[in-house]
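Heads up: the structure comes next, in structure tokens.
Here is the structure:
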């Protein structure tokens, strides 16, 4: 059954950096091509990554893959810094800047296009939200503007029928988009990351309080990849039992 269309596809080439919207991409076994494929290990916490939780300013650094998708090697990752510089993701001055601001020693790590470990994503393969739910959340929060990047979704679905939070009834169902298939799995439980403004880096704890009070701390749903394939913005979204 056709339930809507893909409004936006977003991947996050560097974990906890601002994501990039793309017109089309390949769905890999781990999720969108290149999603969380680059990260910074936090040497003060062995085996852990530096994230917005430890260093909220990370969200103001914008990451993008610069080139064609290649399943043998990722194209270069370019970072646009908060002050407008465009530099490689592993630039020595960038690393020094982040270490100084976060007061942590970090080490850049890059994975292979064929396999990004779940540790970098930390949850399921794909996080999706609907346009109706985003609009309703904006209303619940009493805000004129609510940047979707606060919630860090991979897919924003524009529904044919305007039903906020309808995605929470899809658990266990199969979703088909383009050539890819997903199984809708479970709620996304929220943390302090949604309190950080993606443009200014400023904190607003009231948003998380609303999600806890009104939505039992749930917003968006996780899906796992069942079949890989290319998807594009504008593709129909089909749901099956």
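Residue numbers (this note's numbering): 3 to 243.
For each residue, glycine too, the CB sits at the ideal point set by N, CA and C.
Exercise. Which partner residues does residue 229 have in the DSSP bridge list?
Worked result: 183
Start and end of the beta strand (DSSP E) containing residue 11? 4-13
- Could you please give me the residues that DSSP links to residue 89 through a beta bridge? 81
Measuring alpha carbon to alpha carbon, tell me which residue in 234, 230, 189 is nearest residue 213.
189
- My understanding is that residue 3 touches residue 241, with C-beta atoms under 8 angstroms, so please give their C-beta distance in whole angstroms. 6 angstroms
Legend entry - Proximity to residue 150 [Cα-Cα], best of 5, 11, 7: 11
Residue 39: buried (16+ other C-beta within 10 angstroms of its C-beta) or exposed? Burial call: buried.
I want to know whether the segment 163-171 touches the segment 14-29 - three or more CB-CB distances under 8 angstroms.
no
Check: Do you know offhand how far residue 109's Cα is from residue 77's?
Finding: 20 angstroms
Supposed contact pair residue 72 and residue 227 - C-beta distance, whole angstroms, cut 8 angstroms
In fact, because the Cβ distance is near 19 angstroms, the residues do not count as touching under 8 angstroms.
**Asked** Got a sec? Which residues, its chain only, sit under 6 angstroms from residue 104 by beta carbon, not counting five neighbours each side?
**Response** 57
query: Counting pairs of Cβ atoms below 8 angstroms between the segment 169-188 and the segment 223-239, do you hit three or more?
result: yes
* Pick from 13, 193, 134, 99 that is closest to residue 170, judged by C-alpha positions -> Among 13, 193, 134, 99, the Cα nearest to that of residue 170 belongs to 134.
Relative to the alpha-carbon of residue 53, which residue among 18, 34, 174 has its alpha-carbon at the smallest distance? 18
| said: Taking DSSP's pairing of strands, which residues face residue 135 in a bridge? | reply: According to DSSP, residue 135 bridges with nothing at all.
Secondary structure of residue 156, DSSP reduced to three states
Residue state for residue 156 is assigned as coil, using DSSP reduced to three classes.
Check residue 109 in the structure and name its three-state DSSP category.
When DSSP states are grouped into helix, strand and coil, residue 109 belongs to the strand group.
Nearest CA to the CA of residue 197: which residue from 148, 36, 80, 162?
148
- Which one of 159, 140, 172, 85 has the shortest CA to CA distance from residue 208? 140
Quiz prompt | Rounded separation between residue 244 and residue 195 - CA only | solution = Outside the shown range of the chain (3 to 243) lies residue 244, about which nothing can therefore be said.
Hey, residue 20 and residue 63: beta-carbon distance below 8 angstroms or not? yes
- Query: From what residue to what residue does the beta strand (DSSP E) around residue 94 run?
  - Reply: Here residue 94 belongs to no beta strand (DSSP E); instead the alpha helix (DSSP H) covers 94-104.
Can the beta-carbon of residue 79 be found less than 8 angstroms from the beta-carbon of residue 15? yes
- request: Could you work out which residue in 107, 236, 129 is closest to residue 47 when comparing CA atoms only?
  value: 107
| In whole angstroms, what separates the C-alpha of residue 67 from that of residue 92? | Looking at the two C-alpha atoms, the distance is approximately 13 angstroms.
Considering only C-alpha positions, which residue in the set 49, 210, 174, 200 is nearest to residue 191?
That would be 210, whose Cα lies nearest to the Cα of residue 191.
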